[in-house]
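Peer 1:
There are 2 protein chains.
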Amino acid sequence: MGKNTKAATSGRELGDILHPSEKQASQTQDERLYTEILDAILDHRLSPGVKLKEDELADIFSVSRTVVRRALLRLSHDRIVDMQPNRGATIIRPDVRKAREILGVRKIIEAEVVREATRRATPEALAELRRCVENERDHVQRQQHGAGLRLSGDFHILLSALSENSTLQSYLMELVPQTSLIIAMYQTPQHDLCSHQEHFDIVDVMATGDADAAVASMAEHLQHLEDKLDLDNERSPGDLYAAFAHVKSAKSTK
Amino acid sequence: MGKNTKAATSGRELGDILHPSEKQASQTQDERLYTEILDAILDHRLSPGVKLKEDELADIFSVSRTVVRRALLRLSHDRIVDMQPNRGATIIRPDVRKAREILGVRKIIEAEVVREATRRATPEALAELRRCVENERDHVQRQQHGAGLRLSGDFHILLSALSENSTLQSYLMELVPQTSLIIAMYQTPQHDLCSHQEHFDIVDVMATGDADAAVASMAEHLQHLEDKLDLDNERSPGDLYAAFAHVKSAKSTK
DNA sequence: TAATTTTCATTTGTGTACAATCGTTGTTCT
DNA sequence: AGAACAACGATTGTACACAAATGAAAATTA
Chain G
6 MGKNTKAATS
16 GRELGDILHP
26 SEKQASQTQD
36 ERLYTEILDA
46 ILDHRLSPGV
56 KLKEDELADI
66 FSVSRTVVRR
76 ALLRLSHDRI
86 VDMQPNRGAT
96 IIRPDVRKAR
106 EILGVRKIIE
116 AEVVREATRR
126 ATPEALAELR
136 RCVENERDHV
146 QRQQHGAGLR
156 LSGDFHILLS
166 ALSENSTLQS
176 YLMELVPQTS
186 LIIAMYQTPQ
196 HDLCSHQEHF
206 DIVDVMATGD
216 ADAAVASMAE
226 HLQHLEDKLD
236 LDNERSPGDL
246 YAAFAHVKSA
256 KSTK
Chain V
6 MGKNTKAATS
16 GRELGDILHP
26 SEKQASQTQD
36 ERLYTEILDA
46 ILDHRLSPGV
56 KLKEDELADI
66 FSVSRTVVRR
76 ALLRLSHDRI
86 VDMQPNRGAT
96 IIRPDVRKAR
106 EILGVRKIIE
116 AEVVREATRR
126 ATPEALAELR
136 RCVENERDHV
146 QRQQHGAGLR
156 LSGDFHILLS
166 ALSENSTLQS
176 YLMELVPQTS
186 LIIAMYQTPQ
196 HDLCSHQEHF
206 DIVDVMATGD
216 ADAAVASMAE
226 HLQHLEDKLD
236 LDNERSPGDL
246 YAAFAHVKSA
256 KSTK
């Protein structure tokens, strides 16, 4: 169900590419939960800090807590949810330091990804990348920003698949959802984050076969993403003190 | 228990550094199993391809299968064991392609790690690194090659901890055990793989503060490791055809 | 005898029940 | 009135039992 939905929106079954080494871990049931929660995060339907209660999820998806637990365990290993010993699972809220770290790691990983992908770029692969970006553009133009943002992530993951490096791909499959949470926390309202034009640019540079230029193009793209975020002051949605900081008699720090 | 053993042999509780973000995921019980299996792999007491039956592990460690299952799930996410839907868990056997890929990723990751670690290197940190290598050297000199190899991995992980990049650190904590399995499969008997001298060299270069030189030193170190392995022909321990390939009437390929 | 089918033992997947823990609320005492 | 304390409810941790699936051995048939 969840995967069908994804296939319908992305126009192609990206899941087949995404989970060659993940599907091994579980059977079929928690895969759905895992994907569903992940999609909700990528679509910004689930926000950083949200508590994921096992019973509720079990109810919603009509599965037992055993299945829920496995899905949550996978998400926690991906550093997308945070599990505390007797306190359950919550979606992570990356602080500014962590956000910078994740974006920094992406620059390193994706430099190598785009270099290898350029080396291996066939006309078919380039066409597939273009289709992916066109899909992203179409969704954004239809004001479906949630799906657009998710498809934006799919572009980066597809690129990592084309690099044929499953290790780097698995890293990116964790980093992309984490980035989605960072965007949710630190996006500035005025800017349009969906920079599909830059995705087109990257593909165009890749088509020339100039790997160094492609790497530079990707670096620029990721830097733009970081620049559009407000990483200067700590956000604390859920922190009542921060939310009502304007009220008089603020209790200093903490 | 498992961690105490580790502390006794490494002379320092590295576990405290290693698990700041892992411990969150589980309570305390499966942590022991996870660490114990990981240590066994790092010590080469568990070989690639070994089947890990849930009931047996539950018996050995006197826990329920629920706990075993969680530990195995974590190991499978680390790509250290392979879980097939109804066929249980086995320790992975990286093929040549995968081995090269993992070593390649290590070069990328550790270049950044050693660069950052050099930037942040305090005299105390350098002393700690030297203690770590001295410990490694002592164990190798006492013919305790299993522990020596494990401590060799600890050096790299300690370095990643000093880089203060928890994302890269978590990658390395997966890559080091994977490398241990690669060494187990592809090591050449004549060579001595425990190159603690090169570890000393890296620390010395770091002490000069020349980050680029430190990166080069690390790259050289990892290249030496790869050179010492026999990655030219596929190994298949467990594949009887490969083991008895010299016998007449070999059934062609496969 | 060789191939196919059937049976069975082993192992894993899933659900549920019970125990333990934590946070919150309400109470009591100073 | 404020703070410490106690009890409750809600949520998670663990174990066990049963169902499903797999692989191999045994039996049947040609």
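So the sequence lines, in the order shown, correspond to chains G and V.
Those letters in the first sequence? Residues 6 to 259, per this note's numbering, in order.
Those letters in the second sequence? Residues 6 to 259, per this note's numbering, in order.
Think of the CB as a built atom: it goes at the ideal place given N, C-alpha and C, for glycine as much as any other residue.
Being a predicted model, the structure only gives us computed values, none of them experimental.
1) In chain G, which residues lie with their C-beta within 7 Å of the C-beta of V:I107?
2) Using the Cα positions of G:L180 and G:V208, report the straight-line distance between them to the nearest angstrom.
3) Going by C-alpha distance, which of G:I46, G:A224, G:R105 is nearest V:N281?
4) Applying a beta-carbon distance threshold of less than 8 Å, which residues of chain V neighbour G:Y176?
5) Could you compute how far the alpha carbon of V:I261 sits from the alpha carbon of G:D100?
6) Is the shortest distance between the beta-carbon of G:I113 and the beta-carbons of chain V less than 7 Å?
7) Measure the C-alpha to C-alpha separation of V:A212 and V:M223 and round it to an integer number of angstroms.
8) What is the residue span of the alpha helix (DSSP H) that G:D159 lies within?
9) What residue range is occupied by the uninterrupted beta strand (DSSP E) comprising G:A94?
10) Buried or exposed for V:N238, please, with buried defined as at least 16 other CB atoms from any protein chain shown within 10 angstroms of its CB.
11) Identify every run of the alpha helix (DSSP H) within the segment 61-148 of chain G, keeping only runs that are complete inside it and at least 4 residues long; order them along the chain.
12) Nearest to G:R120 by CA position, among G:Q34, G:A216, G:K103, G:T172, is which residue?
13) Verify the CB distance criterion: does V:K82 have a CB-CB separation below 7 Å to chain G?
14) State the DSSP-derived secondary structure class of V:K233, mapped to helix, strand or coil.
15) Give the interface partners of G:V55 over in chain V, defined as CB-CB distance under 7 Å, in chain order.
16) Check whether the segment 123-137 of chain G touches the segment 82-94 of chain G, counting contact only when three or more Cβ pairs, one atom from each stretch, lie closer than 8 Å.
17) What residues in its chain sit with their C-beta under 7 Å from that of V:R142, if we drop five residues either side in the sequence?
18) Can the beta-carbon of G:K112 be found less than 7 Å from the beta-carbon of G:L227?
19) Going along chain G, which residues have a C-beta under 7 Å from V:E117?
20) Would V:H82 be called buried (16 or more neighbouring beta carbons within 10 Å of its own) or exposed?
21) Check V:L173 in the structure and name its three-state DSSP category.
22) Give me the Cα-Cα distance between V:R240 and V:K56, rounded to the nearest whole angstrom.
23) Answer with yes or no whether the minimum CB distance from G:V110 to chain V is below 7 Å.
24) So, at 7 Å on beta carbons, what are the nonlocal neighbours of V:I65 in its own chain, with the 5 sequence-adjacent residues on each side left out?
25) Find the nearest neighbour of G:L230 within the set G:S165, G:A218, G:L167, G:I107, judged by alpha-carbon distance.
26) Look at G:A116 and G:V220 and say whether their C-beta atoms are less than 7 Å apart.
27) So, under 8 Å CB-CB, V:L167 and V:A122 are touching, yes? Tell me the CB distance rounded to an integer number of Å.
28) Which first and last residues belong to the alpha helix (DSSP H) in which V:R37 is found?
29) Exposed or buried, V:E36, counting other C-beta atoms within 10 Å across all chains shown (16 or more means buried)?
30) Rounded to whole angstroms, what's the CA-CA distance from G:L156 to G:N140? Just pull it up for me.
31) Consider the Cβ of G:D232: report whether some Cβ of chain V lies at a distance smaller than 7 Å.
32) From G:D206, G:K58, G:G214, G:Q183, pick the residue whose C-alpha is nearest to that of G:A126; which is it?
33) With a threshold of 8 Å on Cβ separation, who are the neighbours of G:G158 within its own chain once the five nearest residues in sequence on each side are excluded?
34) I need the DSSP call for V:L186, collapsed to helix, strand or coil.
35) Have a look at V:V73 and G:G93 and give me their C-alpha separation to the nearest angstrom.
36) Quick one: using the 10 Å Cβ neighbour count with 16 as the cut-off for buried, is V:E61 buried or exposed?
Peer 2: Well, looking at it:
1) Here residue 107 of chain V corresponds to residue number 102 of the second sequence, with the count starting at 1. The answer, in chain order, is T172.
2) The residue given as residue 180 of chain G occupies position 175 in the first sequence. The residue given as residue 208 of chain G occupies position 203 in the first sequence. Roughly 21 Å between the two C-alpha positions.
3) With chain V covering 6 to 259 only, the question about residue 281 of chain V has no answer from this structure.
4) Position 171 of the first sequence, counted from the start, is the residue given in the question as residue 176 of chain G. By Cβ distance, chain V contributes Y176.
5) Outside the displayed range of chain V (6 to 259) lies residue 261 of chain V, so it cannot be described from this structure.
6) Within the first sequence, the letter at position 108 stands for residue 113 of chain G. It does; some Cβ of chain V falls within 7 Å.
7) Reading the second sequence from its first residue, position 207 is the one you call residue 212 of chain V. Reading the second sequence from its first residue, position 218 is the one you call residue 223 of chain V. About 14 Å.
8) The residue given as residue 159 of chain G occupies position 154 in the first sequence. Unbroken alpha helix (DSSP H) run through G:D159: 150-167.
9) Within the first sequence, the letter at position 89 stands for residue 94 of chain G. Its beta strand (DSSP E) spans residues 93-96.
10) Position 233 of the second sequence, counted from the start, is the residue given in the question as residue 238 of chain V. With fewer than 16 Cβ atoms within 10 Å of its Cβ, V:N238 is classed as exposed.
11) 70-82, 101-124, 128-146
12) Taking the first sequence and counting its residues from 1, one reaches residue 120 of chain G at position 115. Nearest to G:R120 by C-alpha distance, out of G:Q34, G:A216, G:K103, G:T172, is G:A216.
13) Numbered from 1 along the second sequence, position 77 holds the residue referred to as residue 82 of chain V. In the sequence under discussion, the amino acid at residue 82 of chain V is His, which differs from the Lys named in the question. So yes, V:H82 belongs to the interface.
14) For the purposes of this step, residue 233 of chain V is identified with residue 228 of the second sequence, where counting begins at 1. Three-state DSSP puts V:K233 in a helix.
15) In the first sequence, counting from the first residue as 1, residue 55 of chain G sits at position 50. Neighbours of G:V55 on chain V: none; closest Cβ ~17 Å, over 7 Å.
16) no
17) Walking along the second sequence from the start, residue 142 of chain V turns up at place 137. H201.
18) Reading the first sequence from its first residue, position 107 is the one you call residue 112 of chain G. Reading the first sequence from its first residue, position 222 is the one you call residue 227 of chain G. Contact flag set, yes.
19) Within the second sequence, numbered from 1, the residue matching residue 117 of chain V stands at position 112. Per Cβ cutoff of 7 Å: I113.
20) Here the question's residue 82 of chain V lines up with position 77 in the second sequence. Label assigned to V:H82: buried.
21) Residue mapping note: residue 173 of chain V aligns to position 168 of the second sequence, counting from 1. In the structure shown, V:L173 sits in a helix (DSSP, three-state: H, G or I).
22) The sequence position of residue 240 of chain V within the second sequence is 235, counting from 1. The sequence position of residue 56 of chain V within the second sequence is 51, counting from 1. Rounded to the nearest angstrom, the two C-alpha atoms are 18 Å apart.
23) Along the first sequence, one-based indexing puts residue 110 of chain G at 105. Yes, contact with chain V.
24) What you label residue 65 of chain V is simply residue 60 of the second sequence in a count that begins at 1. Nothing listed; no residue qualifies.
25) On the first sequence, position 225 is the one that residue 230 of chain G refers to. Per the Cα distances, G:I107.
26) Stepping through the first sequence from its first residue, residue 116 of chain G is reached at position 111. Stepping through the first sequence from its first residue, residue 220 of chain G is reached at position 215. Contact: yes.
27) Your numbering for residue 167 of chain V matches position 162 in the second sequence. Your numbering for residue 122 of chain V matches position 117 in the second sequence. The Cβ separation is near 4 Å, so the contact holds.
28) Here residue 37 of chain V is taken as the residue at index 32 of the second sequence, counted from 1. Run containing V:R37: 34-47, per the alpha helix (DSSP H) assignment.
29) In the second sequence, counting from the first residue as 1, residue 36 of chain V sits at position 31. Its Cβ being crowded by 16 or more others within 10 Å, V:E36 is buried.
30) Looking up residue 156 of chain G in the first sequence gives position 151. Looking up residue 140 of chain G in the first sequence gives position 135. Each residue's alpha carbon lies about 8 Å from the other.
31) Residue numbering aside, residue 232 of chain G sits at position 227 when the first sequence is read from its first letter. It does not; no Cβ of chain V falls within 7 Å.
32) Along the first sequence, one-based indexing puts residue 126 of chain G at 121. Nearest option by C-alpha distance: G:G214.
33) If you number the first sequence from 1, residue 158 of chain G lands on position 153. Only L47, V181, P182, T184, S185 meet the Cβ criterion.
34) Here the question's residue 186 of chain V lines up with position 181 in the second sequence. Reduced to three states, the DSSP call for V:L186 is helix.
35) As a first step, residue 73 of chain V is located in the second sequence; it is residue number 68 there, counting from the start. As a first step, residue 93 of chain G is located in the first sequence; it is residue number 88 there, counting from the start. If you take the alpha carbons of V:V73 and G:G93, they lie about 20 Å apart.
36) The count along the second sequence starts at 1 and reaches residue 61 of chain V at position 56. V:E61 comes out exposed.
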